[in-house]
Structure formats: C-alpha cells, structure tokens
Amino acid sequence: MPSVRDMPMVAPRPACYSDSVLEQAKAARLTPDATPCGCAECVAERDSYVQRTPACALVECGICLELPTSGPIVQCPEGHIFCGHCLRRHTMSGLASSHCCPVCRSKLPSTSAAENAASRCRLAELLLADVPASCKHCHAKLTRATLRDHAP
Numbered sequence: 022m023p024s025v026r027d028m029p030m031v032a033p034r035p036a037c038y039s040d041s042v043l044e045q046a047k048a049a050r051l052t053p054d055a056t057p058c059g060c061a062e063c064v065a066e067r068d069s070y071v072q073r074t075p076a077c078a079l080v081e082c083g084i085c086l087e088l089p090t091s092g093p094i095v096q097c098p099e100g101h102i103f104c105g106h107c108l109r110r111h112t113m114s115g116l117a118s119s120h121c122c123p124v125c126r127s128k129l130p131s132t133s134a135a136e137n138a139a140s141r142c143r144l145a146e147l148l149l150a151d152v153p154a155s156c157k158h159c160h161a162k163l164t165r166a167t168l169r170d171h172a173p
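Residue numbering for the sequence shown is 22 to 173, as defined by our numbering.
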C-alpha cells in the first residue's frame, strides 16, 4: 500500500485542460474587457502578477485558480481558500448553489458579503504577504502586501 509521501501533491489535470486552453483563459482574464466588474479589486488583480512558490500552490483561489493578489483571503468551513472578491461575486450571483462552497458544496451562511460568509484565512494572507510580485504596468518589484497600495 502506498504511503502518503508516495502520493502526488496535486491531482492530475483532466485532458481538457491543455496548457494552450489555460493560457487562453488567463489571457482572456487579463484583458480590460474581461474584467467582470470595474471594482478596484478586479482591476488590481488583473494588473498584477504574483510569482508562484511551492508554498503558494496551497493557497490558490478555488474559483479563479490564481493566487489572491489583493484583498482578504477567505475560506469555507472545510478550509477551501478563495479570493474575497471571487467568493463575493459567487455568493451574489443569485444562483441556488451560490451560498455553497464552489469546491465542496458545504453550506455558507446566508449573507451578502463574502467576507462574512466565510472566515478570513489569516494564515494564507501572512503566507502570501511577502511573496514577490510585480506590477504589470511598470514592472516594479513589490510584495503582495505592498502591491495594493502601489500606483504605477
């Protein structure tokens, strides 16, 4: 019987998730017209790039599959992690399933603000605070903690 150490850390991607499809999806999300709304959080996410480290793979958003670049990081009761604004958009979508975790379907408390619907994950915020990041406009070398206040 294989031990936990022998098991892969990440589940294999389905064949439909080819690298070219993922790159096209990322490119579409980074174009100005692809921003779902014009809020500062969406613009900040679109205009920044956080470098990935092995520890960062543990804190990817379960909705956009990216590292949270700004705003609070929240988690469902089962511990799945999301960008605060991604979960807010999910819960405000009005779908019947919108008050459930999009990963495990555990029930989130009914509330209009995602930050209140799930608990803040301060550990993930601290882990990502010093992760190297750069502005997409001026390529300034920053950290996630300083990226939100940066004006190119």
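For every residue, glycine included, the Cβ atom is placed at its ideal position computed from N, Cα and C.
For C104, same chain residues with a beta-carbon under 6 Å away, outside a window of 5 residues either side, are C82 and P89 in chain order. Counting every other CB atom within 10 Å of its CB across the protein chains shown gives A150 a total below 16, marking it as exposed.
Pairing C107 with T164, the inter-Cα distance amounts to about 21 Å. Take P123, set aside five residues on each side of it, and the residues of its chain with a beta-carbon closer than 7 Å to its own are G83, I84 and H111, in chain order. Shown here, A154 sits in a strand according to DSSP, grouped into three states. Distance from the CA of L147 to the CA of A161, rounded to the nearest whole angstrom, comes to 21 Å. Separation of C142 and L129 (C-alpha to C-alpha, rounded to the nearest whole angstrom) is 15 Å. Of the candidates L116, G115 and R126, the residue whose Cα lies closest to the Cα of Q96 is R126.
For R126, the three-state secondary structure derived from DSSP is coil.
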